[in-house]
Amino acid sequence: MANDKVKEIVTERIIRFIEENDKLPWSMGFSTAPPQSYVRKNHYHGTNYLLTLMRGFSSPYWFTFKDVQKIEGRIRKGEAGTIVVYYNIREFEKKDPETGETYLERIPFMRYYRVWNLEQLEPGHGIDENVPVVRESAEAIVAACAPTLTFGKKPHYAPDTDSIGIPPIERYGDSDRYYEALFHELIHWTGHKSRCNREMKPHSMDRGSYALEELVAEIGCAMLCHLCGIPVTENQAAYVKGWLEALNNDKGMIVTAANRAQKAVDYILNLSNPETSNVEQEAEESALVEA
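Count along the sequence shown from 1, add 20, and you get the number used in this note's numbering.
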C-alpha cells in the first residue's frame, strides 16, 4: 500500500475520533503506563502512540494476532483490532547507466497492521493486569536539558536567543500546570538547528509551518506529561474545533507532527537518561514518515 494511502487512513481515524468525542487523542490516558507491546516490551511511538491511546483502554498492553497465539490467548468475539503503522526501508541494487557502477537505492515504505488490547482478550490468559507505572521526574527532565530560562508574563520560546520565557511557578497554582507549560516550550526548544533542526517560522511568515510546529509542541508536551503522570489541561471546544479544521485542511499534518514530536521527546529523554534512549531508531522512523 502506498505511503500516502496509509497516512490518509491514519489521519481519517484520528479526525473521526476528534469529531465523535470532542477531545484530542493526545490529551488522554495519563493514569496508565504508556501503550506498549506486551511480547516485545517496546513502547508505541509517534502516530502509533496516538492510535492506541485514543482507544481508551486501561491496560497498556497490546498484541498482534500472532502475539495472542504465542501466549495461548483468545480474542473475544466481535472485538475490533486497532491499526498501527510499521515503517521500514526497502533496498534495491541499481546500476548507473552512465558509469555502470552499482549502488543501493533506499525506498521508505509504510504499512499498517492490527493489534488488540489485553482487555479485548478472553479471561484465562494468565497475564497480571496490575501494571506498575514508573514515572519520570519533570524536574529532572528540565534539569537535564538545562535550557536558558527567563521569567516573563507568558510562556514562550525565543529562537533568536534560544531561551524559554516562563512565569514563576507560584503563578500557576500547582506544579503540574507549570511543567505542562514548560514542557510545551521545551518541545519548541528542541527545534533549534543545534538539536532537532525543525523549520520554525513565525505565524506572520508561514501559517502552515507555524501550525505544524504548534501541533508538534502540543503532542510532544502531552507525551512528556504522560511519562511524568501529569494530566494535561482539558481543551476548550473552540480549541478542539480549530485543530480539527487544521487536520482536515492538511491530511498529512498529524502523521508528520506526531513523529516530529516523538523525535523531540526522544531527544529530551536522551539527555535525562541516555541508557534507555531510542533516538536513532525514532529519528529514522521520522525520516521515513516525512519521505
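Don't be surprised by glycine CBs; every beta carbon is placed ideally from N, CA and C. Model, not experiment: these values are computed from the prediction.
Exercise for the section: Could you pull out every unbroken alpha helix (DSSP H) segment of at least 4 residues lying fully inside the segment 85-162, listed in chain order? Expected result: Entirely contained in the segment 85-162, the alpha helix (DSSP H) runs reaching 4 residues are, in chain order, 85-90.
Problem - Helix, strand or coil at A178 according to DSSP, with G and I counted as helix - result: Counting from one through the sequence shown, the residue named residue 178 turns up at place 158. It is a strand residue.
Handout entry: W82, enclosing beta strand (DSSP E) - first and last residue
Key = Working through the sequence shown from its first residue, we reach residue 82 at position 62. That run of the beta strand (DSSP E) goes 81-83.
Practice task
Just mark E238 as buried or exposed, buried being the case when its beta carbon has 16 or more other beta carbons within 10 Å.
Solution key: Taking the sequence shown and counting its residues from 1, the one referred to as residue 238 is at position 218. Classification for E238: buried.
Practice task
Can you tell me which of the three DSSP states G272 falls into?
Solution key: The residue labelled residue 272 in the question sits at position 252 within the sequence shown. G272 sits in coil when the DSSP states are folded into three classes, being neither helix nor strand.
Problem - Proximity winner among N137, G93, I161, N217, relative to G76 (alpha-carbon distances) - result: The residue you call residue 76 lines up with position 56 of the sequence shown. Checked all of N137, G93, I161, N217; the closest Cα to G76 is N137.
Exercise for the section: Report yes or no: do three or more beta-carbon pairs, one from the segment 113-122 and one from the segment 287-294, lie closer than 8 Å? Expected result: Because the criterion of three Cβ pairs below 8 Å is not met, the segment 113-122 and the segment 287-294 do not touch.
Handout entry: Distance between I189 and H176 (C-alpha atoms, nearest Å)
Key = In the sequence shown, counting from the first residue as 1, residue 176 sits at position 156. In the sequence shown, counting from the first residue as 1, residue 189 sits at position 169. CA-CA distance, H176 to I189, rounds to 15 Å.
Handout entry: DSSP state of A307 mapped onto helix, strand, coil
Key = Numbered from its first residue, the sequence shown carries residue 307 at position 287. Only weak support is given to the placement of A307: the predicted model assigns it a pLDDT of 38, under 50, and the value that follows is read from those uncertain coordinates. Note: A307 maps to helix in three-state DSSP.
Practice task
Leaving out five residues on either side along the sequence, give the residues of the same chain with a beta carbon under 7 Å from the beta carbon of I95.
Solution key: The count along the sequence shown starts at 1 and reaches residue 95 at position 75. If the five residues before and after I95 are omitted, its C-beta is found closer than 7 Å to the C-beta atoms of V88, W136, Q140, L141, all from its own chain and listed in chain order.
Exercise for the section: For the alpha helix (DSSP H) holding I38, just list the boundary residues, first then last. Expected result: The residue given as residue 38 occupies position 18 in the sequence shown. Boundaries of the alpha helix (DSSP H) around I38: 23-41.
Problem - Nearest residue (CA-CA) to E254, options N150, G211, A242, P55 - result: Taking the first residue of the sequence shown as position 1, residue 254 is located at position 234. Nearest C-alpha to E254: A242.
Exercise for the section: Taking T67 as part of the alpha helix (DSSP H), name the residues at either end of that continuous run. Expected result: Reading the sequence shown from its first residue, position 47 is the one you call residue 67. Counting along the chain, the alpha helix (DSSP H) containing T67 begins and ends at 66-73.
Practice task
Hey, could you find the ends of the alpha helix (DSSP H) G185 is sitting in?
Solution key: Residue mapping note: residue 185 aligns to position 165 of the sequence shown, counting from 1. Run containing G185: none in the alpha helix (DSSP H); it sits in the beta strand (DSSP E), 183-185.
Practice task
May I have the straight-line CA-CA distance separating E149 from P143, to the nearest angstrom?
Solution key: In the sequence shown, counting from the first residue as 1, residue 149 sits at position 129. In the sequence shown, counting from the first residue as 1, residue 143 sits at position 123. If I take the Cα positions, the gap works out to 11 Å.
Exercise for the section: Could you tell me which residues DSSP pairs with H63 in its beta bridges? Expected result: As a position in the sequence shown, residue 63 is number 43, starting the count at 1. Its beta-bridge partners are Q56.
Exercise for the section: Could you check which residue in N108, V104, E125 has the C-alpha nearest to that of K114? Expected result: Here residue 114 refers to the residue found at position 94 of the sequence shown. Checking every option, the nearest Cα to that of K114 belongs to E125.
Exercise for the section: For T168, name the three-state secondary structure that DSSP assigns. Expected result: The residue you call residue 168 lines up with position 148 of the sequence shown. When secondary structure is reduced to three states using DSSP, T168 falls in the strand class.
Handout entry: Rounded straight-line distance, which links the Cα of N62 to that of R33
Key = Along the sequence shown, one-based indexing puts residue 33 at 13. Along the sequence shown, one-based indexing puts residue 62 at 42. A straight line joining the alpha-carbon of R33 with that of N62 spans about 23 Å.
Handout entry: Helix, strand or coil at F77 according to DSSP, with G and I counted as helix
Key = Residue mapping note: residue 77 aligns to position 57 of the sequence shown, counting from 1. F77 sits in coil when the DSSP states are folded into three classes, being neither helix nor strand.
Problem - Nearest residue (CA-CA) to E92, options H145, K221, G98 - result: Taking the sequence shown and counting its residues from 1, the one referred to as residue 92 is at position 72. Looking at the Cα atoms, H145 is the closest of the given residues.
Exercise for the section: Using alpha carbons as the reference points, say which of N23, Y81, G249 lies closest to V59. Expected result: Stepping through the sequence shown from its first residue, residue 59 is reached at position 39. When only C-alpha atoms are compared, the closest one is Y81.
Practice task
Assign E200 to buried or exposed, taking buried as 16 or more other Cβ atoms, counted over all protein chains shown, within 10 Å of its Cβ.
Solution key: On the sequence shown, residue 200 is found 180 positions in, with the first residue counted as 1. Buried is the call here.
Handout entry: F203 (DSSP reduced to helix, strand or coil)
Key = As a first step, residue 203 is located in the sequence shown; it is residue number 183 there, counting from the start. F203: helix per DSSP, three-state reduction.
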